[in-house]
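By the count of UniProt numbering, the first sequence reaches residue 432 at its end, each step adding exactly one. Where a beta carbon is used, it is the ideal one built from N, C-alpha and C, also for glycine.
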Amino acid sequence: MSCERVFQPRLEGRPVVVLSNNDGCIISRSAEAKALGLKMGDPYFQVKALLHRHEVQVFSSNYTLYGDMSRRVMHYLGATVPGVEIYSIDEAFLDLGGLETHLTPYLGHLTDLAQRLRAGVKARTGIPVCVGVAPTRTLAKLANRLAKKDSGLGGVLYLDSGERRKWALGQVAVGDVWGVGRQYAQKLAAAGVDSAADLARVSDAWARKHLGGVVGARLVRELQGFSCGKLAPSEDGTLSRQSISCSRTFGRALREQESVRGALAAFVARAAEKLRRQGDLAHVLTVFISKNRFGPDAGGPGGHSRSAVLTLPVPTSDTRELTVRAAQLLARLWEPGAVYVKAGAVLAGLEPPGGQQLGLFEAPPAAAPAATGQGVRLMTALDGLNERFGRGTVQLAAALGPKGGGPVPWQGQAAWRTPAYTTRLEDLLTVS
DNA sequence: TCTGGGGTCCTAGGACCC
DNA sequence: TCTGGGGTCCTAGGACCC
Numbered sequence: 001m002s003c004e005r006v007f008q009p010r011l012e013g014r015p016v017v018v019l020s021n022n023d024g025c026i027i028s029r030s031a032e033a034k035a036l037g038l039k040m041g042d043p044y045f046q047v048k049a050l051l052h053r054h055e056v057q058v059f060s061s062n063y064t065l066y067g068d069m070s071r072r073v074m075h076y077l078g079a080t081v082p083g084v085e086i087y088s089i090d091e092a093f094l095d096l097g098g099l100e101t102h103l104t105p106y107l108g109h110l111t112d113l114a115q116r117l118r119a120g121v122k123a124r125t126g127i128p129v130c131v132g133v134a135p136t137r138t139l140a141k142l143a144n145r146l147a148k149k150d151s152g153l154g155g156v157l158y159l160d161s162g163e164r165r166k167w168a169l170g171q172v173a174v175g176d177v178w179g180v181g182r183q184y185a186q187k188l189a190a191a192g193v194d195s196a197a198d199l200a201r202v203s204d205a206w207a208r209k210h211l212g213g214v215v216g217a218r219l220v221r222e223l224q225g226f227s228c229g230k231l232a233p234s235e236d237g238t239l240s241r242q243s244i245s246c247s248r249t250f251g252r253a254l255r256e257q258e259s260v261r262g263a264l265a266a267f268v269a270r271a272a273e274k275l276r277r278q279g280d281l282a283h284v285l286t287v288f289i290s291k292n293r294f295g296p297d298a299g300g301p302g303g304h305s306r307s308a309v310l311t312l313p314v315p316t317s318d319t320r321e322l323t324v325r326a327a328q329l330l331a332r333l334w335e336p337g338a339v340y341v342k343a344g345a346v347l348a349g350l351e352p353p354g355g356q357q358l359g360l361f362e363a364p365p366a367a368a369p370a371a372t373g374q375g376v377r378l379m380t381a382l383d384g385l386n387e388r389f390g391r392g393t394v395q396l397a398a399a400l401g402p403k404g405g406g407p408v409p410w411q412g413q414a415a416w417r418t419p420a421y422t423t424r425l426e427d428l429l430t431v432s
């Protein structure tokens, strides 16, 4: 929402929402939209009338723009303080350990440093941010939440003393603590644990028993102010993922296997592209297809979706091989007469090239095309062309849809997408 | 009519190993 | 009647995050 506002200042002070892929649900809201009672995850069609009545500005999601703006914010943070952990597209943890004790005479109180970071991000990108400072990530998230809610704090809250920490814990409902979702919140309420302060007092044994084992124990320790280092530091937040997937809800329901096969070819190609960017090969391919989970005949929980898994004989990142395999898996899953609304591909068992170990009696596999230098060069050329001329410039025919061109049958809805202001020359904003 | 996508970690149980 | 200890790997399922 903030990204859209940067490029359309007229949106300032007005209710604005951004929709998920396929224009399905609300995933980002301005304060004014929140005040109208619009919730995260509200299906668009259910709140359409309300949106219209209050002249809420609606946008399809524009991840090209949001990803690029995120990169700019993170780059500034990385250039300004040591130890940046990118946590998500709009959050980062900064390690300020030691800065206060050693540098107070030069930098001032950490609250001042946080204020300068906030102002710096705003000046360079136009994106408003809040900062929470505390001894652990969980407490920093909690402080950030309070900083966001109470405009009197000027966007920054530093929990610099035991008393202030105690006060902050008392302000936050247990369900709003990082790591407490719907299920745990319900369980905690039943046990009389209502606030973050209550949660910080439960025993280690109780946390282990009722909040997912060591995860729960860590959560409570973090609230008490003992850091448990939950996050694996990854250099830029994208490297060394353990699985890579691409899935989409189709713009309309599909009943032809050929159409779904085309969609899967496109999804596999996207996932394989990400895999090659990470420099890994995948050993395991999963394909899934889903029927409408809200329909009357959706079946039990999970009954609307089926998946098939294949362990590849040789790990690969070659789009051609993965596309062929995905089509085979799809054929296994396909129920004639069924109507599908979504499909996806997951690449797992990721490993760097050259790491395969053979069993004692296993013959080395004949090199598949994917493993040859030619295959690697082809994929490199493919990625190079798509990088230079735009995503999808060169694709496998399998991903192009039916002959004759036109929009592919699985194309999602995006009725209110803004331009890629910062990444496409033709979309550059002109000011007169 | 219309309900997102991409991840992580953990547990439990079974098969198998030394 | 008594029946070890310490592992790995895999799958399925459940919880959580933004």
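Query raised in the report: Thinking C-alpha only, which one of Val172, Gly126, Lys122, Asp204 is nearest Ala140?
Result: As a first step, residue 140 is located in the first sequence; it is residue number 140 there, counting from the start. Selected option, being the one with the closest Cα: Val172.
Query raised in the report: Where does Gln57 fall in DSSP's three states?
Result: Taking the first residue of the first sequence as 1, we reach residue 57 at position 57. Gln57 falls in the strand class under three-state DSSP.
**Report entry** Pro369 in three-state terms, based on DSSP
**Finding:** As a working note, residue 369 is residue 369 in the first sequence. With a pLDDT of 48 at Pro369, under the threshold of 50, the modelled position of this residue cannot be trusted, and the question is left open.
Query raised in the report: Is Ala168 closer than 8 Å to Val156 when the C-beta atoms are compared?
Result: Translated into positions along the first sequence, residue 156 becomes position 156. Translated into positions along the first sequence, residue 168 becomes position 168. Their beta carbons are not under 8 Å apart, which means Val156 does not touch Ala168 by this criterion.
Query raised in the report: Among the residues of its own chain, which have a CB less than 7 Å from the CB of Val129, if the five just before and after it don't count?
Result: As a first step, residue 129 is located in the first sequence; it is residue number 129 there, counting from the start. Closer than 7 Å at Cβ, skipping near neighbours: Arg118, Val121.
Query raised in the report: By DSSP, does His109 sit in helix, in strand, or in coil?
Result: Within the first sequence, numbered from 1, the residue matching residue 109 stands at position 109. In this structure, His109 counts as coil in the three-state DSSP scheme.
**Report entry** Closest by C-alpha distance to Trp410, when choosing among Ala343, Gln115, Ala134
**Finding:** Within the first sequence, the letter at position 410 stands for residue 410. Nearest of Ala343, Gln115, Ala134 to Trp410, Cα basis: Ala343.
Query raised in the report: Excluding five sequence neighbours on each side, which residues of the same chain lie with their C-beta closer than 6 Å to the C-beta of Arg221?
Result: Numbered from its first residue, the first sequence carries residue 221 at position 221. So the list reads Cys228, once near-sequence residues are dropped.
Report task. Please classify Val268: is it buried, with 16 or more other beta-carbons within 10 angstroms of its beta-carbon, or exposed? Result -> Position 268 of the first sequence, counted from the first residue, corresponds to residue 268. When all chains shown are included, Val268 counts as buried.
Query - Proximity below 8 Å, CB of Ala94 to CB of Val73 - result: The residue labelled residue 94 in the question sits at position 94 within the first sequence. The residue labelled residue 73 in the question sits at position 73 within the first sequence. The question names Ala, but residue 94 is Leu in the sequence shown. Not a contact, by the Cβ cut-off of 8 Å.
Report task. Would you kindly report the start and end of the unbroken alpha helix (DSSP H) that includes Cys3? Result -> Position 3 of the first sequence, counted from the start, is the residue given in the question as residue 3. Its alpha helix (DSSP H) spans residues 2-7.
Requested in this report: Pull up the CB-CB distance for Gly262 and Ala399, whole angstroms please, since I reckon it's below 8 Å.
Outcome: The sequence position of residue 262 within the first sequence is 262, counting from 1. The sequence position of residue 399 within the first sequence is 399, counting from 1. By a beta-carbon distance limit of 8 Å, Gly262 contacts Ala399. Their separation comes to about 6 Å.
Query raised in the report: What are the partner residues of Pro43, as DSSP defines its beta bridges?
Result: What you label residue 43 is simply residue 43 of the first sequence in a count that begins at 1. Residue pairing by DSSP puts Pro43 in a beta bridge opposite Cys25.
Query raised in the report: Helix, strand or coil: how does DSSP classify Gly126 here?
Result: Counting from 1 along the first sequence, the entry for residue 126 is found at position 126. In the structure shown, Gly126 adopts coil according to DSSP, grouped into three states.
Query raised in the report: At a cut of 8 Å, does the region 284-292 reach the region 379-395 through at least three beta carbon pairs?
Result: Taking a cut-off of 8 Å for Cβ pairs, the region 284-292 and the region 379-395 do not touch, as fewer than three such pairs fall below it.
**Report entry** Coil, strand or helix - Gln186 by DSSP
**Finding:** For this step, residue 186 is matched to residue 186 along the first sequence. Reduced to three states, the DSSP call for Gln186 is helix.
Query raised in the report: How about Val215 and Ala196: do their beta carbons lie closer than 8 Å?
Result: Here residue 215 refers to the residue found at position 215 of the first sequence. Here residue 196 refers to the residue found at position 196 of the first sequence. With contacts defined as CB atoms closer than 8 Å, Val215 and Ala196 fail to qualify as a contacting pair.
Query raised in the report: In terms of residue numbering, what span does the alpha helix (DSSP H) encompassing Tyr158 cover?
Result: Locating residue 158 in the first sequence gives position 158, where the first residue counts as 1. Under the DSSP assignment, Tyr158 falls outside any alpha helix (DSSP H), being part of the beta strand (DSSP E) whose first and last residues are 156-158.
Query raised in the report: Mind checking Phe59: buried by the 16 CB within 10 Å criterion, or exposed?
Result: Indexing the first sequence from 1 puts residue 59 at position 59. Under this definition Phe59 is a buried residue.
Requested in this report: Work out the CA separation of Arg218 and Cys208 for me, nearest whole Å.
Outcome: Position 208 of the first sequence, counting from 1, holds the residue named residue 208. Position 218 of the first sequence, counting from 1, holds the residue named residue 218. Going by the sequence as given, residue 208 is Arg instead of Cys. Their Cα atoms are separated by approximately 9 Å.
Query raised in the report: Quick one: what's got a C-beta closer than 8 Å to Phe45's C-beta in the same chain, skipping five residues either side?
Result: Position 45 of the first sequence, counted from the start, is the residue given in the question as residue 45. Counting only Cβ-Cβ distances below 8 Å, and skipping sequence neighbours, we find nothing.
Query raised in the report: Which residue's Cα is closest to the Cα of Val309: Gly404, Glu321, Val346?
Result: As a working note, residue 309 is residue 309 in the first sequence. When only C-alpha atoms are compared, the closest one is Val346.
Query raised in the report: Once you ignore the five residues that flank Pro419 on each side, which residues in its own chain have a CB closer than 7 Å to its CB?
Result: Stepping through the first sequence from its first residue, residue 419 is reached at position 419. Sequence-distant Cβ neighbours of Pro419 in its own chain, meaning closer than 7 Å and more than five residues away, are Asp427.
Requested in this report: Mark Glu163 as exposed unless 16 or more other C-beta atoms lie within 10 angstroms of its C-beta, in which case mark it buried.
Outcome: Within the first sequence, the letter at position 163 stands for residue 163. With fewer than 16 other Cβ atoms from the protein chains shown falling within 10 Å of its own Cβ, Glu163 counts as exposed.
Query raised in the report: For the alpha helix (DSSP H) that contains Ala331, what are its first and last residues?
Result: The residue labelled residue 331 in the question sits at position 331 within the first sequence. Its alpha helix (DSSP H) spans residues 319-333.
Query - Residue from Tyr158, Ser432, Arg417 whose Cα sits closest to the Cα of Thr64 - result: To locate residue 64, count along the first sequence from 1; it is residue 64. Here the closest residue by C-alpha is Arg417.
Query - Reduced DSSP category for Lys342 - H, G, I as helix; E, B as strand; rest coil - result: Counted from its first residue, the first sequence places residue 342 at position 342. Annotated three-state conformation of Lys342 is strand, per DSSP.
Report task. Using a threshold of 8 Å, state whether the C-beta atoms of Phe7 and Leu429 are closer than that. Result -> As a working mapping, residue 7 is identified with position 7 in the first sequence. As a working mapping, residue 429 is identified with position 429 in the first sequence. Result yes, Cβ atoms of Phe7 and Leu429 sit closer than 8 Å.
**Report entry** Beta-carbon spacing of Val339, Lys291 below 8 Å
**Finding:** For the purposes of this step, residue 339 is taken as the residue at position 339 of the first sequence. For the purposes of this step, residue 291 is taken as the residue at position 291 of the first sequence. It is a contact, given that the beta carbons lie within the stated cut-off.
Report task. May I have the straight-line CA-CA distance separating Leu330 from Val84, to the nearest angstrom? Result -> Counting from 1 along the first sequence, the entry for residue 330 is found at position 330. Counting from 1 along the first sequence, the entry for residue 84 is found at position 84. In this structure, the alpha-carbon of Leu330 lies about 41 Å from that of Val84.
Query raised in the report: Of the residues Met40, Gly41, Arg276, which one's Cα is nearest the Cα of Arg377?
Result: Within the first sequence, numbered from 1, the residue matching residue 377 stands at position 377. Per the Cα distances, Arg276.
Query raised in the report: Which partner residues does Thr316 have in the DSSP bridge list?
Result: Sequence index remark: in the first sequence, residue 316 carries index 316 (1-based). Residue pairing by DSSP places Thr316 opposite Ala282 in a beta bridge.
Query - According to DSSP, residues forming a beta bridge with Leu350 - result: Reading the first sequence from its first residue, position 350 is the one you call residue 350. Answer is Ala282, bridged to Leu350.
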